[in-house]
Amino acid sequence: MTSRRRFTTSRAGRAALVAATAAAALLLSGCVAGENAPAAGGDSTAGTTEGGTLDIDFATYNPLSLIIKDQGWLEDALDDQDITVNWVQSAGSNKANEALRADAIDVGSTAGSAALLNRANGSAIQAIDVFSQPEWSAIVVGQGSTITDVAELKGKKVAATKGTDPYFFLLQALEEAGLSASDVTIENLQHADGWAALQNGSVDAWAGLDPIMAGAEEAGAKLIYRNVDFNSYGILAATESFIDERPDVAQTVVNAYEHAREWAASNPDETAQILADAAGLDLAVATKVITERSNLDVDPAPGKAQEQVLSIIGPIFVESGDVSSQDKVDDALADLFNPSFVDDADPSVIGTK
């Protein structure tokens, strides 16, 4: 696979690309491509999207998305372009990736491992921002469980959501303990359902995800294995069609994310309250997630740091049968990161209305 190298393109270069594409469409069809686009001969600005909808997700495991949605910054920033913002909730990275593959959303919240898996299996997405460096996964057992070590999971049932960071966290934890996925029965359940299964005793352990996991811990569940190095970064992924066709909107999204990062640093109590309200958590639990397990003060440009983590996780995809070959993983890793929007980000243009 040939690397696309889109990330070397500047904002001006992206605008020129959009203008050239629009001009070609005009010659071929007699009109400018794009929903609600101005008629030929109008005073439209090259590279500026007019009309249509931005389909973007929010997720309780992505605090910045909750802030942006709560504050209405994207709606304000895109109002002049007559663009409607459609918010779609993602229950997990797997659901965000399903929506990205189906073009149901333009931008989605996913773990780095899940983004790599999605691209390795043919989904044309790129990482345009890093929203956090979380410790959001751990191995969890019930309050009355006698299991204290990952090695004791042999022959047990473990709930995990395939295609998400907790699932790959589980595989890494098993490997470190000298076990494999075949040594346990993995029940493929969405994150909240995994916690419910642990509570009702239908599984012996759960590969948890915050903020649900923090709530479970507050309710008496025990985290028997934690390892921040097995957690991949929180990635904001966008479809390549969205990046190519609407780079100005993609830039606005990243501007909003970087504004939200600054806002969260200045307003930690409000950030925790927004999470508590969105996830139905006690404020103390939400505060724990924000202050102890969500490093939002991370370099937002996707690149080397994420590559180092994912180069370790990638071979697990092949071993587990989630990707057919290492070549597909390597090609996906080479093409996944697009830091150009972060490089051009201007947080100051958000929240000015």
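Counted the way mature numbering (1 follows the signal peptide of the UniProt record, and there is no 0) counts, the sequence shown spans residues -33 to -1, 1 to 320. Virtual Cβ for every residue (Gly too), placed ideally from N, Cα, C. These figures come from a predicted structure and were not determined experimentally.
For Ser261, the three-state DSSP class (helix, strand or coil): strand
Per-residue DSSP class, three states only, for Tyr28: coil
Cα-Cα separation, Ser287 to Ser307: 33 Å
Backbone secondary structure at Asp302 - three-state DSSP: helix
Exposure of Asp132, with buried meaning 16 or more beta-carbon neighbours within 10 Å: buried
Whole-number beta carbon distance between Leu203 and Tyr224, since they are thought to touch under 8 Å: 6 Å
Sub-8 Å separation of Gly59 and Asp24 beta-carbons: no
For Trp230 and Ile257, the rounded distance between their alpha carbons: 13 Å
Under the three-state DSSP convention, the category Lys271 falls into: helix
Nearest to Ser57 (by Cα), restricted to the options Leu33, Ser104, Thr319 and Gly39: Leu33
Environment of Gln100 [buried if 16+ CB atoms lie within 10 Å]: buried
7 Å Cβ shell around Gly88 - same chain, five flanking residues per side excluded: It is worth fixing the name first, because residue 88 is Asn in this sequence and not Gly. Only Val290 meet the Cβ criterion.
Beta-carbon separation (whole angstroms), Gln48 vs Gly318, contact threshold 8 Å: Wrong, their Cβ atoms sit about 17 Å apart, outside the cutoff.
Option in Ala71, Ser104, Ser90 and Glu42 with minimal Cα separation from Ala299: Ser90
Residues bridged to Gln93 [DSSP beta-bridge criterion]: Ala205
Pairwise C-alpha distance: Ala174 and Ala148: 13 Å
Sequence-distant residues of the same chain with beta carbon closer than 8 Å to Gln240, five excluded per side: Leu250 and Ala253
CA nearest to the CA of Gln110, picked from Asp310, Glu119, Glu185 and Val316: Glu185
Of the listed residues Leu21, Ala183 and Val276, nearest to Asp70 (C-alpha basis): Leu21
C-beta contact flag for Trp162 and Ala144 at 8 Å: no
Identity of the residues DSSP links to Ala105 by a beta bridge: Gly175
Residue environment, Thr77, which counts as buried when at least 16 other CB atoms sit within 10 Å: buried
Beta-carbon gap between Ala172 and Leu138 smaller than 8 Å: no
Exposure of Thr187, with buried meaning 16 or more beta-carbon neighbours within 10 Å: For the record, residue 187 in the displayed sequence is Gly; it is not Thr. Exposed is the call here.
Local conformation of Tyr200 per DSSP, three classes: coil
C-alpha distance - Val216 paired with Thr206, whole-angstrom precision: 12 Å
Identified DSSP bridge partners for Lys124: Thr152
Val290 in three-state terms, based on DSSP: coil
Pairwise C-alpha distance: Leu176 and Gly281: 20 Å
Same chain only: Cβ atoms within 8 Å of Asp116, ignoring 5 sequence neighbours per side: Ala144, Ile191 and Tyr192
Member of Ile179, Tyr134, Leu83 and Ser292 whose CA lies at the smallest distance from the CA of Val151: Tyr134
Under 8 Å between C-beta atoms of Ala94 and Asn305: yes
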